[in-house]
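Asker: If you read the sequence shown in the numbering used here, its first letter stands for residue 1, the second for the next number, and so on.
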Amino acid sequence: MGETAWKWHVGKASYTPDQKAQIKALEADLEAHMAQAKPRRYAHSLSVSRTAEQMALAYGVDPFLARVAGILHDWDKVLSNDQQVAHAVELRVDLGVPAQLVQPLLHGITAARTLPEVYPSLPPSVWQAIERHTIGAIDMSDLDMVLFVADGVEPLRRDVPAIRRTREMIEAHEPLSEVYWSSFFQGVAYVIDTERYLYPGTLDIYNGLVLARAARNE
Ligand SMILES: [Fe+2]
């Protein structure tokens with residue numbers, strides 16, 4: 001914040017009156033849930049939702065689904081780190097390693113398991129995108145990739161070289177799978193760079209994406 005924010009705008013999404021009302025209601029719910037407790041996270045969530053909407057317009061994805069996935073993606077981030085771990089254990093989220101080792105990855109999965117009951121009108125594709133926004137996957141849908149990337153590049157994120165590179169790829173309208181790859185491997189590089197625990201499943205996804213990319217470029 002403060003520095004020049006990334007400005008990238010494709011156009012205005014056209015929504016039905018019902019979709020407009022749903023977006024308004026979800027934003028009001030997010031405000032009540034997060035604005036006081038985690039103001040920066042709240043601003044980030046709204047920023048991700050707008051960036052995801054714009055990416056959806058650019059890449060032919062449903063902008064409504066991208067917008068609502070963005071609004072809700074960090075819902076469980078109002079919990080403390082310890083609470084996120086406890087919540088995941090409670091929901092029997094099992095990534096094959098102790099939950100506290102993968103604490104930063106858990107909030108997407110837990111939200112995707114609990115929010116469908118709260119918002120039954122939203123389709124499974126939204127919950128899948130939210131579930132995958134922290135870890136990624138090899139077989140990402142376009143909506144999954146839009147949310148994953150939007151989370152990393154939204155304008156409130158600092159203008160560091162890795163993020164700038166992904167933003168430039170979006171502006172140049174490079175294929176969504178390549179933009180996702182860029183965003184994904186920079187995330188892996190960051191974990192290694194900062195000498196943090198690397199979730200073994202991430203390595204499998206990394207290798208799977210390397211091979212899928214090689215096959216595409218053959
Ligand atoms: Fe996020």
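Just so it is clear, CB atoms sit at the ideal spot from N, CA and C, and this is done for glycine as well.
1) Quick one: does the C-beta of Asp-74 sit closer than 8 Å to a heavy atom of ligand 1?
2) Quick one: is the Cβ of Val-153 within less than 8 Å of any heavy atom of ligand 1?
3) Spatial neighbours of Ala-88 within its chain, please: C-beta separation below 6 Å, excluding the five flanking residues on both sides.
4) Under the three-state reduction of DSSP, which class applies to Gly-208: helix, strand or coil?
5) Does Met-140 come out as helix, strand or coil in the three-state DSSP assignment?
6) With distance defined between alpha-carbon atoms, name the residue in Phe-185, Ser-183, Ser-141 and Ile-170 nearest to Gln-54.
7) Who are the near neighbours of Ala-51 in its chain, counting only those whose CB is closer than 6 Å to its CB and skipping five residues on each side?
8) Classify His-173 as helix, strand or coil using the three-state DSSP reduction.
9) When burial is assigned at 16 or more other CB atoms within 10 Å of the CB, is Glu-131 buried or exposed?
10) Going by other Cβ atoms of all chains shown within 10 Å of its Cβ, with 16 needed for buried, is Gly-70 buried or exposed?
11) When we look at the beta-carbon of Ala-214 and count the other beta-carbons within 10 Å, is it buried (16 or more) or exposed?
Answerer: Taking the definition as stated:
1) For the purposes of this step, residue 74 is taken as the residue at position 74 of the sequence shown. Yes, ligand 1 has a heavy atom inside 8 Å of this Cβ.
2) For the purposes of this step, residue 153 is identified with residue 153 of the sequence shown, where counting begins at 1. In this structure, the C-beta of Val-153 stays at least 8 Å away from each heavy atom of ligand 1.
3) As a working mapping, residue 88 is identified with position 88 in the sequence shown. Counting only Cβ-Cβ distances below 6 Å, and skipping sequence neighbours, we find Ala-99, Leu-106 and Thr-110.
4) In the sequence shown, counting from the first residue as 1, residue 208 sits at position 208. In this structure, Gly-208 counts as helix in the three-state DSSP scheme.
5) Residue 140 sits at position 140 when you count from the first residue of the sequence shown. Coil at Met-140, not helix or strand.
6) Reading the sequence shown from its first residue, position 54 is the one you call residue 54. The residue with the shortest Cα to Cα distance from Gln-54 is Ile-170.
7) Residue mapping note: residue 51 aligns to position 51 of the sequence shown, counting from 1. Sequence check: residue 51 is Thr here, not Ala. Excluding sequence neighbours, Thr-51 sits near Ala-150 and Glu-154.
8) Counting from one through the sequence shown, the residue named residue 173 turns up at place 173. In this structure, His-173 counts as coil in the three-state DSSP scheme.
9) Residue mapping note: residue 131 aligns to position 131 of the sequence shown, counting from 1. Per the 10 Å Cβ criterion, buried.
10) Stepping through the sequence shown from its first residue, residue 70 is reached at position 70. The residue in question, Gly-70, is buried, as its Cβ has 16 or more Cβ neighbours within 10 Å.
11) Here residue 214 is taken as the residue at index 214 of the sequence shown, counted from 1. Under the 10 Å beta carbon count, Ala-214 is surrounded by fewer than 16 other beta carbons and is classified as exposed.
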